[in-house]
Amino acid sequence: MLVERVRDIFEMFDSANDGVIDVQDFWEMCVSIGREITRDQAKEALSKLDLNGDGVVDFDEFHAWWV
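Per my numbering, residue 1324 is the first one in the sequence shown, and the count goes up by one each step.
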């Protein structure tokens, strides 16, 4: 059940529907939950979630962070 809820959240912010969250998506997610951050801060935060270093966050990386 939790995995499904996290997937719903992930898909809500995967704006290109390509299975990943990029810096823009991550920034928009933060703003939507009331966390005003700069794009540079979003880039830095995303890099910490990006475990494989490909510049985006896939569902597995997002799920590991969310839970």
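Glycine residues also receive a C-beta, built at the ideal position from the N, C-alpha and C atoms.
- Counting C-beta pairs with one atom in each stretch, the stretch 1377 to 1388 and the stretch 1353 to 1362 have fewer than three that are closer than 8 Å, which means they do not touch.
- With 16 or more neighbouring CB atoms inside 10 Å of its own CB, A1365 falls in the buried class.
- Under the three-state reduction of DSSP, D1348 is assigned to helix.
- With 16 or more other CB atoms across the displayed protein chains lying within 10 angstroms of its CB, D1345 is buried.
- Between V1343 and the set W1350, E1334, C1353, the nearest pair of CA atoms involves E1334.
- According to DSSP, D1381 shares a beta bridge with V1343.
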